[in-house]
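Reading through the structure tokens given below for one structure.
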Amino acid sequence: MDQETAGLRADARRNRDLIVAAAQKLFLEQGIDVPLEDVARRAGVGIGTLYRRFPDRDALLRAVGEESLRRLADMAETAEREEPDAWHALCRFLRACTELRLGVLPAKLEPHLHQRLRAGPDLHEIRQRVIAAVLRMTETAHAEGALRGDIGPGDVALLMTLHVYTPPSMPDEQARARVVEIMLNGLRAGSGSPLPGAPYTADDLHRYTAVEKPPA
Numbered sequence: 001m002d003q004e005t006a007g008l009r010a011d012a013r014r015n016r017d018l019i020v021a022a023a024q025k026l027f028l029e030q031g032i033d034v035p036l037e038d039v040a041r042r043a044g045v046g047i048g049t050l051y052r053r054f055p056d057r058d059a060l061l062r063a064v065g066e067e068s069l070r071r072l073a074d075m076a077e078t079a080e081r082e083e084p085d086a087w088h089a090l091c092r093f094l095r096a097c098t099e100l101r102l103g104v105l106p107a108k109l110e111p112h113l114h115q116r117l118r119a120g121p122d123l124h125e126i127r128q129r130v131i132a133a134v135l136r137m138t139e140t141a142h143a144e145g146a147l148r149g150d151i152g153p154g155d156v157a158l159l160m161t162l163h164v165y166t167p168p169s170m171p172d173e174q175a176r177a178r179v180v181e182i183m184l185n186g187l188r189a190g191s192g193s194p195l196p197g198a199p200y201t202a203d204d205l206h207r208y209t210a211v212e213k214p215p216a
């Protein structure tokens, strides 16, 4: 590969990353029907560049969904690796989910698009990484006596999708920080009154996220 070709490929990759990052923010701010011209403008590229990388809205949604899940998986695995115990890893992961609002994006997708995104082969593998990390952190935090016994991994997965409504007069960062600490205090062993119903278990989590793995 000559330098000119390598440079062109690097530019194409950079443009793709800019478009996906802009789309992530705009989908969260305005919903998935935001005009693609606005996405291109936010990314600092022309609309033709956007369509060369993503021929339709579904293609862009798939890319955004894949990137969001990959970041979730990376954050969970990094927290497990770097924190001293499972409780601190779980807290770090949920704080990051809330701060970045990564877990919110799938909930904003229309149901039929959400199903199609989940069924993609790449997304299937990344989703399994996220689920496996949540299971490990939850089970280990239970064994360590740090996580209350009536919280299951499915409950943790639900908390990942929290969307924080911020009153106009309150800074986003302050609202999200308060909500996540309230949430974590409620998860700690020995806190609060008993929860209604049964915990969402590992089996529940697999069942609710189950999509047949596409053929290789």
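Take the sequence shown: its position 51, counting from 1, is numbered 51 in the UniProt record's numbering, and each next residue is one higher.
We put the beta carbon where it would ideally sit given N, CA and C, even for glycine.
Residue nearest to Gln-128 within the set Arg-81, Glu-66, Pro-84 is Glu-66 (criterion: CA-CA distance).
When only Cα atoms are considered, Glu-144 and Ala-189 end up about 10 Å apart.
Looking at the DSSP output, Arg-188 shares a beta bridge with Leu-147. By the Cβ-count criterion, Ser-68 is buried, with 16 or more other Cβ atoms from all chains shown falling within 10 Å of its own Cβ. Val-20 and Val-64 have their C-alpha atoms spaced approximately 6 Å apart. Counting along the chain, Tyr-51 sits inside the alpha helix (DSSP H) bounded by residues 47-53. If you compare the alpha carbons of Ile-182, Gly-31, His-88, Lys-25 with that of Arg-136, the shortest gap goes to His-88. Within the same chain, and ignoring the five residues on either side of Ala-141 in sequence, the residues whose Cβ sits closer than 6 Å to its Cβ are Ala-86, Trp-87, Leu-90, Leu-147. Secondary structure of Gly-65 (DSSP, three-state): helix.
The C-beta distance from Ala-157 to Leu-205 rounds to 6 Å, short enough to meet the 8 Å contact threshold.
Spatial neighbours of Thr-201 in its own chain (CB-CB distance under 8 Å, excluding positions within 5 residues in sequence) are listed in chain order as Gly-152, Pro-153, Gly-154. DSSP places Gly-154 inside the alpha helix (DSSP H), whose first and last residues are 153-160.
For Arg-42, the closest C-alpha among the options Asp-56, Glu-139, Ile-126, Asp-17 is that of Asp-17. Secondary structure at Val-34: coil, using DSSP grouped into helix, strand and coil. It is roughly 36 Å from the alpha-carbon of Thr-78 to the alpha-carbon of Gly-46. Between Arg-70 and Ile-126, the CB-CB gap stays under 8 Å. Taking C-beta atoms as the reference points, Leu-184 and Asp-150 fail to come closer than 8 Å.
About 12 Å separates the beta carbon of Leu-28 from that of Val-39, a gap too long to meet the 8 Å contact definition. For Leu-61 against Ile-32, the beta-carbon gap comes to about 6 Å, under 8 Å, which counts as contact. The beta carbons of Leu-159 and Leu-94 sit closer together than 8 Å.
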